[in-house]
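Accompanying notes for the structure given below.
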Amino acid sequence: MWGRRLLSSPLSPGQCRAYRARAALAQLSHVLEAELESIRGAGTWKSERVITSKQGPHIHVEGSRGGILNFCANNYLGLSSHPEVIRSGLEALEKFGAGLSSVRFICGTQNIHKNLEEKISRFHQREDAILYASCFDANAGIFEALLTPEDAVLSDELNHASIIDGIRLCKANKYRYKHMDMQDLEAKLQDAQKHRLRLVATDGAFSMDGDIAPLKEICSLAQKYQALVFIDECHATGFLGPNGRGTDELLGVMDQVDIVNSTLGKALGGAAGSDIPLSGALAFLRGPVPGSSPKPFCPPPFNSTKLMESTKMWTGAEGPGPNEGHYSKGGYTTGPKALIDLLRQRSRPYLFSNSLPPAVVGCASKALDLLMESNAIAQSMVAKTRRFRSKMAAAGFSISGNDHPICPVMLGEARLASVMADDMLERGIYVIGFSYPVVPKGKARIRVQISAVHSEDDIDRCVEAFTEVGRKHGALP
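By full-length UniProt numbering, the letter at position 364 of the sequence shown is numbered 364, and the numbering carries on one by one without gaps.
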């Protein structure tokens with residue numbers, strides 16, 4: 001009787017809400033598990049390997065014995081552990097604090113932000129620049145602010161996800177042209193003549209393939225059909241072109257490209273860190289404690305000639321130490337002043353994100369100084385890239401791209417790329433396999449990235465490991 005009374009008692013409103021919430025959560029859990037299982041079944045599950053050292057050519061990876069050679073970072077010039085970059089970040093941290101706790105237009109703009117923006121525009125030979133938390137934010141913030149339903153944007157089908165997402169957010173008419181296919185782009189430009197503005201958007205260097213956009217042809221078509229040209233230079237800034245300004249400089253079209261987006265988080269030392277304990281670094285900045293005479297830490301002065309002879313200055317003779325460095329990232333747009341002024345008024349990622357931390361700004365500013373002083377670091381990276389590509393081709397591998405430090409080892413099958421990458425780690429080489437949906441189906445690859453601070457021995461050891469693993473899994477005869 002008592003049980004029947006309980007079962008027949010109506011649920012309270014609170015109990016009803018709790019029941020519906022549990023049912024919704026159970027439904028979500030079922031959907032998520034099905035999605036996750038499909039990823040596992042397709043062999044495209046992505047696992048995060050945990051690094052227990054600073055970023056650099058030689059790292060420590062959790063679960064691996066001994067040191068590991070890192071060939072999958074965007075640290076193209078090795079500036080993430082450059083002593084002057086580190087020191088500049090520490091000085092900015094000490095002088096300007098850990099952060100602004102504000103967006104730029106309220107109380108989040110310091111003179112170092114304006115100085116860096118001026119330096120970026122000068123480096124790219126543009127009128128002005130605007131900083132973002134990342135280049136993903138820069139790409140998310142430009143198309144919506146600039147383009148209306150009266151306009152059109154024409155995008156390469158293999159553009160980075162951040163460009164694709166940024167275009168999705170805007171209300172412009174959207175055209176997608178085949179990868180680097182100028183006939184298809186021209187046809188799309190002809191279709192887009194009815195719109196007010198036409199903007200061609202492309203990566204300068206494509207991150208999964210290492211190929212370079214045909215900017216001369218793109219700019220020629222843009223002039224013919226009165227279109228603007230936008231390029232994302234994340235995998236070009238700092239090392240492509242005679243002065244490292246990117247693909248537009250490399251191909252001689254700097255005066256024909258209208259808008260450049262790029263990052264502080266790759267070649268410009270975006271993983272800036274060091275083996276320096278924080279306490280020692282701050283002691284260097286503050287000087288000796290009164291009443292004592294400890295030696296403050298002082299990073300060695302940078303000498304590009306010595307750097308070309310040895311990487312010990314950057315990587316440390318004793319190998320990687322504790323991960324107590326400082327890390328930076330950031331992105332930017334540079335172009336006409338009127339455009340930058342508009343972005344400051346309308347770009348939502350800029351308006352509603354806190355300012356870049358001073359340490360990030362300090363690191364990036366010094367990295368640009370080093371690039372504008374000498375291209376010796378970039379030239380070292382170019383030579384090592386050619387060494388790797390030629391040796392891999394001689395071993396029988398197919399390497400995509402145009403002499404770019406992104407060197408995709410094309411394998412085709414997702415599972416093959418995954419197991420080969422795992423076996424490479426067993427041999428002390430850290431590389432990552434990429435497959436669908438990051439790259440098209442049937443075009444899985446292991447992406448190798450060369451850095452100026454890799455030694456020739458590092459390069460040769462990587463090629464030897466690839467050859468062994470390739471033969472083991474049938475990728476080579």
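In this text, a Cβ means the ideal position worked out from N, Cα and C, and glycines have one as well.
Quantities reported herein were computed from a predicted structural model and do not represent experimental measurements.
First and last residue of the uninterrupted beta strand (DSSP E) at residue i
{"i": "Lys-174", "result": "173-177"}
{"i": "Thr-333", "result": "331-335"}
{"i": "Asn-402", "result": "Taken as a continuous stretch (DSSP letters only), Asn-402 belongs to no beta strand (DSSP E), as it is neither H nor E."}
{"i": "Cys-407", "result": "406-412"}
{"i": "Thr-202", "result": "198-203"}
{"i": "Arg-447", "result": "444-449"}
{"i": "Thr-263", "result": "259-263"}
{"i": "Leu-131", "result": "128-132"}
Counted within 10 angstroms of its Cβ, other Cβ atoms place residue i as buried (16 or more) or exposed
{"i": "Val-361", "result": "buried"}
{"i": "residue 549", "result": "Lying outside 1 to 477, the shown extent of the chain, residue 549 is not represented and no answer is given."}
{"i": "His-326", "result": "For His-326, the predicted structure reports a pLDDT of 26, less than 50, and the residue's modelled location is therefore unreliable. A value from the coordinates is still provided. Buried, since its Cβ has 16 or more Cβ neighbours within 10 Å."}
{"i": "Leu-221", "result": "buried"}
{"i": "Arg-447", "result": "buried"}
{"i": "Ser-47", "result": "exposed"}
{"i": "Phe-302", "result": "Note that Phe-302 scores 39 on pLDDT, short of 50, meaning its location in the model is unreliable; the coordinates nonetheless yield the value given after this. Its Cβ being crowded by 16 or more others within 10 Å, Phe-302 is buried."}
{"i": "Asn-261", "result": "buried"}
{"i": "Phe-105", "result": "exposed"}
{"i": "Leu-36", "result": "exposed"}
{"i": "Lys-472", "result": "exposed"}
{"i": "Asn-75", "result": "buried"}
{"i": "Cys-16", "result": "exposed"}
Rounded straight-line distance, which links the Cα of residue j to that of residue i
{"i": "Glu-127", "j": "Ser-29", "result": "51 Å"}
{"i": "Ser-338", "j": "Pro-349", "result": "Note that residue 338 corresponds to Ala in the displayed sequence, not to Ser. Cα to Cα, Ala-338 sits roughly 18 Å from Pro-349."}
{"i": "Leu-371", "j": "Val-31", "result": "49 Å"}
{"i": "Gly-270", "j": "Leu-343", "result": "23 Å"}
{"i": "Phe-397", "j": "Met-410", "result": "7 Å"}
{"i": "Lys-119", "j": "Gly-99", "result": "21 Å"}
{"i": "Gln-345", "j": "Phe-352", "result": "11 Å"}
{"i": "Tyr-132", "j": "Arg-445", "result": "31 Å"}
{"i": "Leu-365", "j": "Thr-333", "result": "The amino acid at residue 365 is misidentified as Leu; the sequence shows Ser. One C-alpha to the other measures close to 16 Å."}
{"i": "Ala-152", "j": "Ile-142", "result": "14 Å"}
{"i": "Ser-310", "j": "Ser-81", "result": "Its pLDDT being 33, under 50, Ser-310 is placed unreliably in this model, and the value from its coordinates should be taken loosely. Ser-310 and Ser-81: Cα-Cα distance of roughly 14 Å."}
{"i": "Lys-188", "j": "Ile-406", "result": "29 Å"}
{"i": "Leu-11", "j": "Gln-27", "result": "21 Å"}
{"i": "Asp-248", "j": "Val-431", "result": "29 Å"}
{"i": "Ala-465", "j": "Ile-259", "result": "41 Å"}
{"i": "Lys-216", "j": "Arg-20", "result": "59 Å"}
{"i": "residue 524", "j": "Ala-140", "result": "Here the chain has residues from 1 to 477 only, and residue 524 is not among them."}
{"i": "Ser-390", "j": "Leu-147", "result": "44 Å"}
{"i": "Gly-433", "j": "Leu-69", "result": "16 Å"}
{"i": "Arg-122", "j": "Met-182", "result": "31 Å"}
{"i": "Glu-62", "j": "Leu-425", "result": "11 Å"}
{"i": "His-58", "j": "Gly-428", "result": "10 Å"}
{"i": "Gly-412", "j": "Gly-89", "result": "42 Å"}
{"i": "Ile-377", "j": "Leu-268", "result": "12 Å"}
{"i": "Asn-375", "j": "Arg-245", "result": "11 Å"}
{"i": "Ala-18", "j": "Glu-33", "result": "22 Å"}
Reference residue i, options the options, closest by Cα
{"i": "Asp-341", "options": "Ile-106, Val-229, Ala-129, Tyr-177", "result": "Ala-129"}
{"i": "Ser-435", "options": "Ala-236, Asp-209, Ile-112, Asp-423", "result": "Asp-209"}
{"i": "Gly-474", "options": "Ala-452, Arg-198, Val-419, Val-103", "result": "Val-419"}
{"i": "Ser-162", "options": "Pro-214, Gly-238, Phe-206, Thr-109", "result": "Phe-206"}
{"i": "Leu-368", "options": "Val-85, Ala-359, Glu-468", "result": "Val-85"}
{"i": "residue 482", "options": "Cys-363, Ala-73, Leu-77", "result": "Outside the displayed range of the chain (1 to 477) lies residue 482, so it cannot be described from this structure."}
{"i": "Lys-443", "options": "Ala-414, Ile-406, Met-424, Leu-69", "result": "Ala-414"}
{"i": "Leu-185", "options": "Lys-224, Leu-169, Phe-388", "result": "Lys-224"}
{"i": "Gly-241", "options": "Ser-355, Ala-395, Ile-212, Val-431", "result": "Ile-212"}
{"i": "Gln-226", "options": "His-179, Val-257, Gly-204, Ser-12", "result": "Val-257"}
{"i": "Arg-196", "options": "Ala-172, Gln-183, Lys-54, Lys-188", "result": "Ala-172"}
{"i": "Trp-45", "options": "Asp-458, Thr-467, Asp-422, Arg-471", "result": "Asp-422"}
{"i": "Ile-39", "options": "His-160, Val-438, Leu-251", "result": "Val-438"}
{"i": "Glu-150", "options": "Gln-190, Lys-178, Arg-198", "result": "Arg-198"}
{"i": "Leu-169", "options": "Pro-408, Glu-91, Gly-78, Ser-347", "result": "Ser-347"}
{"i": "Phe-136", "options": "Gly-265, Val-103, Arg-87, Glu-33", "result": "Gly-265"}
{"i": "Gln-55", "options": "His-113, Ala-34, Ser-451", "result": "Ser-451"}
{"i": "Ala-201", "options": "Asn-243, Phe-239, Glu-157", "result": "Glu-157"}
Run of the alpha helix (DSSP H) containing residue i, from where it starts to where it stops
{"i": "Gly-166", "result": "161-169"}
{"i": "Cys-363", "result": "358-373"}
{"i": "Tyr-436", "result": "It is not in any alpha helix (DSSP H) - Tyr-436 carries neither H nor E in the DSSP assignment."}
{"i": "Leu-154", "result": "Per DSSP, Leu-154 belongs to no alpha helix (DSSP H); it is in the beta strand (DSSP E), 152-156."}
{"i": "Asp-181", "result": "Looking at the DSSP string, Asp-181 is not in any alpha helix (DSSP H), and its letter there is neither H nor E."}
{"i": "Leu-351", "result": "348-351"}
{"i": "Ala-383", "result": "376-395"}
{"i": "Lys-472", "result": "456-472"}
{"i": "Asn-354", "result": "No alpha helix (DSSP H) contains Asn-354, which DSSP labels as neither H nor E."}
{"i": "Ala-140", "result": "135-146"}
Cβ of residue i within 9 Å of any chain C Cβ
{"i": "Gly-14", "result": "Looking at the structure shown, chain C is missing, and only one protein chain is on hand."}
- Message: Quick check for students: name the residue ranges of the alpha helix (DSSP H) that lie wholly in the region 39-122, counting only runs of 4 or more.
- Response: 83-96, 104-107
- Task: Entirely within the region 205-256 and at least 4 residues each: give me those alpha helix (DSSP H) ranges in chain order.
- Result: 215-224, 247-250
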